[in-house]
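Take a look at the structure set out below.
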Amino acid sequence: MPLELVTVPCLEDNYSFLVHDSASGATVVVDVPEAAPILAALNERGWTLTDIWLTHHHWDHIDGVAEVVEATGAKVTGGAPDAHRLPPLDAQVEDGDTFEFAGNPVQVFDVSGHTVGHIAFYLPAAQAAFTGDSLMALGCGRLFEGTPQQMWVSLSKLAALPGDTLICSGHEYTTSNAKFALTVEPENAKLISRSQRIDEMRAKGQATVPSLLSDELATNPFLRANLASVKQAIGMENAADDAVFAEIRTRKDNF
(Lines of atoms letter the chains of each structure in order from A and count residues from 1; the text may use other names and numbers.)
(Lines give C-alpha, C1' and ligand atoms only; values in the text may rest on other atoms or scores of the structure.)
Protein backbone atom coordinates (compact mmCIF):
# COMPACT_ATOMS: atom_id res chain seq x y z
CA MET A 1 0.00 0.00 0.00
CA PRO A 2 1.29 3.49 -0.82
CA LEU A 3 1.87 6.05 1.89
CA GLU A 4 -1.13 8.28 2.56
CA LEU A 5 -0.61 12.04 2.72
CA VAL A 6 -3.05 14.38 4.48
CA THR A 7 -2.88 18.17 4.56
CA VAL A 8 -4.06 19.63 7.89
CA PRO A 9 -5.00 23.34 8.02
CA CYS A 10 -3.84 25.03 11.24
CA LEU A 11 -4.06 28.53 12.72
CA GLU A 12 -5.17 31.13 10.14
CA ASP A 13 -3.08 30.10 7.14
CA ASN A 14 -0.62 27.37 8.21
CA TYR A 15 -0.45 23.78 7.04
CA SER A 16 0.76 20.66 8.77
CA PHE A 17 1.10 17.31 7.02
CA LEU A 18 0.40 13.75 8.09
CA VAL A 19 1.98 10.76 6.36
CA HIS A 20 0.65 7.31 7.24
CA ASP A 21 1.96 3.85 6.40
CA SER A 22 -0.92 1.40 6.62
CA ALA A 23 1.35 -1.65 6.67
CA SER A 24 3.26 -0.69 9.80
CA GLY A 25 0.84 1.81 11.31
CA ALA A 26 3.61 4.43 11.46
CA THR A 27 2.40 8.01 11.17
CA VAL A 28 4.43 11.23 11.05
CA VAL A 29 3.35 14.84 11.30
CA VAL A 30 5.53 17.51 9.74
CA ASP A 31 5.45 20.76 11.72
CA VAL A 32 2.99 21.36 14.56
CA PRO A 33 1.57 24.90 14.52
CA GLU A 34 -1.14 23.86 17.00
CA ALA A 35 -2.23 20.58 18.50
CA ALA A 36 -6.02 20.42 18.17
CA PRO A 37 -6.43 20.07 14.38
CA ILE A 38 -3.65 17.49 14.20
CA LEU A 39 -5.03 15.37 17.04
CA ALA A 40 -8.49 15.63 15.49
CA ALA A 41 -7.20 14.46 12.10
CA LEU A 42 -5.46 11.51 13.74
CA ASN A 43 -8.53 10.54 15.77
CA GLU A 44 -10.79 10.82 12.73
CA ARG A 45 -8.67 8.28 10.87
CA GLY A 46 -7.81 6.05 13.82
CA TRP A 47 -4.10 6.66 13.34
CA THR A 48 -1.47 6.58 16.10
CA LEU A 49 1.21 9.25 15.77
CA THR A 50 4.73 7.85 15.98
CA ASP A 51 6.89 10.71 14.70
CA ILE A 52 7.12 14.50 14.52
CA TRP A 53 9.46 16.24 12.06
CA LEU A 54 10.22 19.94 12.44
CA THR A 55 11.51 22.16 9.62
CA HIS A 56 12.46 25.26 11.63
CA HIS A 57 12.05 27.04 14.92
CA HIS A 58 9.37 29.66 14.21
CA TRP A 59 6.49 29.54 16.69
CA ASP A 60 3.87 28.88 14.03
CA HIS A 61 5.58 25.59 13.19
CA ILE A 62 6.33 24.29 16.70
CA ASP A 63 3.82 25.70 19.19
CA GLY A 64 1.75 22.53 19.43
CA VAL A 65 4.65 20.11 19.84
CA ALA A 66 4.53 19.73 23.64
CA GLU A 67 0.79 19.02 23.65
CA VAL A 68 1.03 16.52 20.79
CA VAL A 69 3.97 14.73 22.42
CA GLU A 70 2.05 14.53 25.70
CA ALA A 71 -0.97 13.07 23.91
CA THR A 72 0.88 10.61 21.66
CA GLY A 73 4.44 10.02 22.90
CA ALA A 74 5.70 10.65 19.36
CA LYS A 75 9.43 10.90 18.67
CA VAL A 76 10.58 14.41 17.66
CA THR A 77 13.18 14.92 14.91
CA GLY A 78 14.64 18.30 13.94
CA GLY A 79 17.74 19.99 12.63
CA ALA A 80 20.90 19.72 14.69
CA PRO A 81 21.94 23.33 13.91
CA ASP A 82 18.54 24.54 15.16
CA ALA A 83 18.29 22.24 18.20
CA HIS A 84 18.97 25.04 20.70
CA ARG A 85 15.74 26.80 19.70
CA LEU A 86 13.49 23.86 18.90
CA PRO A 87 11.42 21.81 21.36
CA PRO A 88 13.37 18.92 22.92
CA LEU A 89 14.51 16.56 20.15
CA ASP A 90 14.77 12.79 20.27
CA ALA A 91 16.79 12.78 17.05
CA GLN A 92 18.91 15.48 15.41
CA VAL A 93 19.59 15.50 11.66
CA GLU A 94 21.47 17.72 9.26
CA ASP A 95 22.11 18.31 5.58
CA GLY A 96 22.92 15.11 3.70
CA ASP A 97 21.56 12.76 6.35
CA THR A 98 19.20 9.93 5.47
CA PHE A 99 17.00 8.14 7.98
CA GLU A 100 14.04 5.77 7.69
CA PHE A 101 10.31 6.16 8.12
CA ALA A 102 8.34 2.89 7.93
CA GLY A 103 11.25 1.32 6.06
CA ASN A 104 11.41 4.18 3.53
CA PRO A 105 14.40 6.51 3.18
CA VAL A 106 14.00 10.15 4.16
CA GLN A 107 16.58 12.63 2.88
CA VAL A 108 17.43 15.80 4.78
CA PHE A 109 18.36 19.06 3.05
CA ASP A 110 19.66 22.24 4.62
CA VAL A 111 17.46 24.95 3.09
CA SER A 112 18.66 27.97 5.03
CA GLY A 113 17.42 31.38 3.97
CA HIS A 114 14.11 32.04 5.69
CA THR A 115 15.99 31.01 8.82
CA VAL A 116 19.50 29.66 9.28
CA GLY A 117 19.28 25.96 10.10
CA HIS A 118 15.96 25.47 8.29
CA ILE A 119 15.72 21.92 6.91
CA ALA A 120 13.49 20.11 4.43
CA PHE A 121 12.54 16.43 4.41
CA TYR A 122 12.27 14.51 1.13
CA LEU A 123 10.32 11.25 1.24
CA PRO A 124 10.60 9.64 -2.22
CA ALA A 125 8.12 6.87 -1.34
CA ALA A 126 5.42 9.54 -0.94
CA GLN A 127 6.77 11.63 -3.83
CA ALA A 128 6.79 14.51 -1.35
CA ALA A 129 9.18 17.15 -0.04
CA PHE A 130 8.28 18.95 3.17
CA THR A 131 9.76 22.39 2.66
CA GLY A 132 8.31 24.47 5.49
CA ASP A 133 8.93 28.14 4.64
CA SER A 134 11.71 27.63 2.09
CA LEU A 135 10.16 26.75 -1.29
CA MET A 136 6.45 27.60 -1.17
CA ALA A 137 3.58 27.50 -3.64
CA LEU A 138 4.49 30.25 -6.14
CA GLY A 139 6.86 31.77 -3.61
CA CYS A 140 9.55 31.34 -1.00
CA GLY A 141 9.93 32.41 2.59
CA ARG A 142 10.97 35.92 3.50
CA LEU A 143 14.67 36.10 4.40
CA PHE A 144 14.54 36.75 8.12
CA GLU A 145 17.98 35.30 8.93
CA GLY A 146 19.75 34.07 5.81
CA THR A 147 21.08 35.75 2.69
CA PRO A 148 19.72 35.72 -0.86
CA GLN A 149 22.71 33.60 -1.83
CA GLN A 150 21.86 31.00 0.81
CA MET A 151 18.23 30.86 -0.27
CA TRP A 152 19.13 30.54 -3.95
CA VAL A 153 21.35 27.56 -3.12
CA SER A 154 18.54 26.06 -1.05
CA LEU A 155 15.94 26.52 -3.78
CA SER A 156 18.32 25.06 -6.35
CA LYS A 157 18.61 21.88 -4.29
CA LEU A 158 14.83 21.50 -4.23
CA ALA A 159 14.51 22.39 -7.92
CA ALA A 160 16.67 19.36 -8.75
CA LEU A 161 14.13 16.90 -7.31
CA PRO A 162 11.85 14.96 -9.71
CA GLY A 163 9.18 17.13 -11.31
CA ASP A 164 6.35 14.99 -9.92
CA THR A 165 7.43 15.76 -6.33
CA LEU A 166 4.70 17.30 -4.18
CA ILE A 167 5.97 20.45 -2.49
CA CYS A 168 4.37 20.42 0.96
CA SER A 169 4.94 23.95 2.21
CA GLY A 170 3.80 25.70 5.33
CA HIS A 171 1.30 28.39 4.38
CA GLU A 172 -1.68 29.33 2.23
CA TYR A 173 0.00 32.35 0.63
CA THR A 174 -0.58 31.26 -2.95
CA THR A 175 -3.10 33.90 -4.02
CA SER A 176 -0.86 36.81 -3.08
CA ASN A 177 2.17 35.00 -4.45
CA ALA A 178 0.41 34.57 -7.79
CA LYS A 179 -0.42 38.26 -7.99
CA PHE A 180 3.22 39.11 -7.45
CA ALA A 181 4.49 36.47 -9.88
CA LEU A 182 2.39 38.05 -12.61
CA THR A 183 4.28 41.32 -12.13
CA VAL A 184 7.50 39.49 -12.99
CA GLU A 185 6.18 37.39 -15.89
CA PRO A 186 2.86 38.89 -17.00
CA GLU A 187 2.92 36.95 -20.28
CA ASN A 188 3.72 33.50 -18.83
CA ALA A 189 0.74 31.49 -20.12
CA LYS A 190 1.19 28.71 -17.55
CA LEU A 191 1.31 31.27 -14.76
CA ILE A 192 -1.83 33.01 -16.00
CA SER A 193 -3.64 29.68 -16.12
CA ARG A 194 -2.40 28.65 -12.71
CA SER A 195 -3.39 31.98 -11.19
CA GLN A 196 -6.94 31.57 -12.50
CA ARG A 197 -7.08 28.03 -11.14
CA ILE A 198 -5.87 29.24 -7.74
CA ASP A 199 -8.62 31.87 -7.60
CA GLU A 200 -11.21 29.20 -8.39
CA MET A 201 -9.85 26.86 -5.72
CA ARG A 202 -9.75 29.52 -3.03
CA ALA A 203 -13.28 30.65 -3.90
CA LYS A 204 -14.35 27.09 -3.03
CA GLY A 205 -12.26 27.06 0.14
CA GLN A 206 -9.84 24.50 -1.28
CA ALA A 207 -6.18 24.33 -0.30
CA THR A 208 -3.60 25.18 -2.96
CA VAL A 209 -0.92 23.28 -1.04
CA PRO A 210 0.74 20.91 -1.75
CA SER A 211 1.79 21.83 -5.27
CA LEU A 212 3.73 19.97 -7.94
CA LEU A 213 7.38 20.87 -8.38
CA SER A 214 6.88 20.84 -12.16
CA ASP A 215 4.29 23.60 -11.74
CA GLU A 216 6.66 25.58 -9.53
CA LEU A 217 9.44 25.29 -12.10
CA ALA A 218 7.09 26.61 -14.78
CA THR A 219 5.55 29.48 -12.80
CA ASN A 220 7.36 30.34 -9.54
CA PRO A 221 9.58 33.39 -10.17
CA PHE A 222 11.90 32.51 -7.31
CA LEU A 223 12.84 29.22 -9.00
CA ARG A 224 13.17 30.90 -12.41
CA ALA A 225 15.83 33.51 -11.59
CA ASN A 226 18.34 31.58 -13.70
CA LEU A 227 16.31 31.89 -16.91
CA ALA A 228 17.28 34.38 -19.60
CA SER A 229 13.64 35.32 -20.13
CA VAL A 230 13.18 36.26 -16.47
CA LYS A 231 16.46 38.17 -16.34
CA GLN A 232 15.38 40.13 -19.40
CA ALA A 233 11.92 40.76 -17.92
CA ILE A 234 13.42 42.55 -14.91
CA GLY A 235 16.26 44.25 -16.79
CA MET A 236 19.10 42.11 -15.40
CA GLU A 237 20.18 40.24 -18.54
CA ASN A 238 23.81 39.86 -17.51
CA ALA A 239 23.40 39.38 -13.78
CA ALA A 240 24.27 36.29 -11.78
CA ASP A 241 21.40 33.98 -10.87
CA ASP A 242 21.54 34.73 -7.16
CA ALA A 243 21.57 38.48 -7.83
CA VAL A 244 18.42 38.11 -9.93
CA PHE A 245 16.82 36.08 -7.15
CA ALA A 246 17.78 38.81 -4.66
CA GLU A 247 16.09 41.46 -6.80
CA ILE A 248 12.92 39.39 -7.13
CA ARG A 249 12.87 38.77 -3.37
CA THR A 250 13.29 42.50 -2.70
CA ARG A 251 10.42 43.30 -5.05
CA LYS A 252 8.22 40.77 -3.28
CA ASP A 253 9.10 42.24 0.12
CA ASN A 254 7.90 45.63 -1.14
CA PHE A 255 4.88 44.33 -3.06
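One gets the working numbering by counting positions in the sequence shown from 1 and adding 7 to each. Glycine residues also receive a C-beta, built at the ideal position from the N, C-alpha and C atoms. This structure is a prediction, so every number in the text was calculated from the model and none was measured.
- Contact annotation: leucine 18 and alanine 133 have beta-carbon atoms that are not nearer than 8 Å.
- DSSP, read as helix, strand or coil, puts isoleucine 45 in helix.
- When secondary structure is reduced to three states using DSSP, threonine 105 falls in the strand class.
- Bounds of any beta strand (DSSP E) do not take in tryptophan 54, whose DSSP letter is neither H nor E.
- Residue environment analysis places proline 217 among the buried positions, since at least 16 neighbouring C-beta atoms fall within 10 angstroms of its C-beta.
- Between the alpha carbons of lysine 211 and arginine 201 lies a distance of about 15 Å.
- Between valine 37 and isoleucine 45, the C-beta spacing is not below 8 Å.
- For the 8 Å CB-CB criterion, phenylalanine 137 and phenylalanine 24 form a contact.
- Assigned with DSSP and collapsed to three states, isoleucine 255 falls in helix.
- Counting only runs of 4 or more residues that sit fully inside the stretch 192 to 228, the alpha helix (DSSP H) segments are 196 to 210, 220 to 226, in chain order.
- For valine 13, DSSP records a beta bridge to Leu25.
- For the options Asp248, Gln99, Arg209, the alpha carbon positioned closest to that of alanine 185 is the one of Arg209.
- Per DSSP, histidine 64 has no beta-bridge partner at all.
- Distance from the CA of phenylalanine 128 to the CA of phenylalanine 116, rounded to the nearest whole angstrom, comes to 7 Å.
- For leucine 165, the uninterrupted alpha helix (DSSP H) run begins and ends at 155 to 166, by DSSP.
- CA-CA distance, alanine 188 to asparagine 227, rounds to 7 Å.
- Less than 8 Å divides the Cβ of valine 83 from the Cβ of aspartate 97.
- DSSP, read as helix, strand or coil, puts valine 118 in coil.
- Between leucine 234 and glutamate 223, the C-beta spacing is not below 8 Å.
- No Cβ-Cβ contact shorter than 8 Å links valine 251 with alanine 225.
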